[in-house]
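Numbering of the sequence shown is given in my numbering, commencing with residue 193 and proceeding in unit increments.
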Amino acid sequence: MSDKTITFTIDEVEVKARPGQTIMEAADEAAIYIPRLCSLKGLSPFGACRVCTVLVNGRPQSSCTQPAAPGIVVENASERLHDIRQDIVEMLFVEGNHFCMFCEKSGNCELQAMGYRLGMMEPKYPRLWPRRELDASHPDIFIDRDRCILCARCIRASREQDGKHILGFLGRGPHKRVTPDSSDGLVQTDAAVADAAVAACPVGSLMRKRVGFGIPIGQRKYDHRPIGSDIESGAEVPDERK
Ligand code: SF4
Ligand code: FES
């Protein structure tokens with residue numbers, strides 16, 4: 193670190209950051225895990241899910257977008273923030289249609305893993321059971337909007353890593369949905385199965401076809417270790433796609 197190094201604290205632990213780093217990036221390098229869903233290493237920050245909310249000098253901020261600053265006091269691992277994050281994750285579950293036992297992403301799903309990590313049981317909010325359209329028009333991939341959490345990881349990965357524009361958002365509020373850049377469906381875009389956009393989906397929404405149970409239940413990413421444990425062990429900040 194240089195003389196421009198920023199020093200601040202997270203839960204009373206001193207953390208160093210380089211100028212321009214977000215609170216989350218600095219926390220990752222210090223082996224402190226801040227829960228997140230819409231943030232993914234290598235993509236621009238988006239600030240959609242708010243699961244990464246921390247208190248900065250007592251005020252809520254999304255740590256994936258908030259730059260680190262000298263002397264700030266960040267609260268991350270408190271009971272209050274745990275409860276806020278659990279509420280957000282419960283809301284994500286009830287506003288979609290998530291049937292983990294039938295989903296190919298089960299065990300590799302970041303939403304499911306976050307629910308486990310936060311100790312979520314049955315959500316306290318009423319389920320909305322929305323009716324959402326499936327796009328299975330493409331020969332190799334599909335969008336199951338029932339499981340979409342509107343994180344925009346696919347949209348950002350398509351633009352920033354694949355150099356394409358295959359997806360975007362349409363509509364507002366409860367009608368907002370991820371949609372292909374063609375009114376004729378995913379098949380009329382240049383989406384390909386190897387796109388970073390497909391790998392970027394944290395849930396079972398944008399998925400490859402014909403891969404059912406390629407990895408048996410019990411041998412999947414989060415079957416044996418909680419989400420965030422790579423960061424807490426001090427390993428290199430993980431790319432959740434791997
Ligand atoms: S399809 Fe997946 S990656 Fe895209 S917005 Fe929905 S949940 Fe996020
Ligand atoms: S991870 Fe920061 S808002 Fe989603």
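C-beta atoms are modelled at their ideal positions from N, C-alpha and C, and glycine is treated no differently.
Could you please give the first and the last residue of the uninterrupted alpha helix (DSSP H) stretch that includes residue i?
| i | result |
| --- | --- |
| Ala388 | 388-392 |
| Gln258 | Gln258 -> no alpha helix (DSSP H), and no H or E assigned at all. |
| Ile215 | 215-221 |
Where do the N-terminal and C-terminal ends of the beta strand (DSSP E) with residue i fall, by residue?
| i | result |
| --- | --- |
| Ala384 | From DSSP, Ala384 is part of no beta strand (DSSP E); its letter is neither H nor E. |
| Met399 | 398-400 |
| Leu359 | 359-362 |
Among the candidates the options, whose CA atom is the shortest distance from the CA of residue i?
| i | options | result |
| --- | --- | --- |
| Pro366 | Ile224, Leu284, Val248, Ala222 | Leu284 |
| Trp321 | Thr371, Glu287, Asp376 | Glu287 |
| Thr381 | Cys393, Arg369, Gly360 | Gly360 |
| Gly426 | Asp220, Arg323, Gly212, Pro211 | Asp220 |
| Ile409 | Gly239, Gly250, Glu296, Arg319 | Glu296 |
| Arg324 | Pro418, Glu314, Arg339 | Arg339 |
| Leu398 | Glu271, Ala384, Pro259, Ile407 | Ala384 |
Excluding the 5 residues flanking residue i on each side, which residues of the same chain have their C-beta closer than 6 Å to its C-beta?
| i | result |
| --- | --- |
| Glu217 | none |
| Asn300 | Arg412, Lys413 |
| Val415 | Note that residue 415 is Asp in the sequence shown here, rather than Val. Excluding sequence neighbours, Asp415 sits near Gly299. |
| Arg364 | none |
| Gly239 | Ser254, Thr257 |
What residues in its chain sit with their C-beta under 7 Å from that of residue i, if we drop five residues either side in the sequence?
| i | result |
| --- | --- |
| Asp442 | The requested residue 442 does not occur in the structure, where the chain is confined to residues 193 to 434. |
| Leu378 | Asp327, Ser329, His330, Ile333, Ile335, Pro372 |
| His357 | Ser350, Arg351, Asp373 |
| Lys316 | Glu282 |
| Pro237 | Thr214, Ser231, Cys256, Thr257 |
| Leu229 | Cys241, Val243, Glu302, Leu303, Met306, Ile341, Cys343, Pro394 |
| Val246 | Ile215, Ile226, Gln253, Ser255, Val266, Glu267, Asn268, Leu273 |
| Met312 | Gln278, Val281, Glu282 |
Among the residues of its own chain, which have a CB less than 8 Å from the CB of residue i, if the five just before and after it don't count?
| i | result |
| --- | --- |
| Val205 | Ala222, Ile224 |
| Leu235 | Arg345, Arg348, Ala349, Glu352, Gln353, Ala392 |
| Asn289 | Trp321, Pro322, Arg324, Asp338, Arg339 |
request  = Collect the residues with a C-beta less than 6 Å away from any heavy atom of the ligand FES and give them in sequence order along the chain.
outcome  = Arg228, Leu229, Cys230, Ser231, Gly239, Ala240, Cys241, Arg242, Val243, Cys244, Ser254, Cys256
ask   = Is it a yes or a no for the segment 199-213 touching the segment 265-272, going by three-plus beta-carbon pairs under 8 Å?
value = yes
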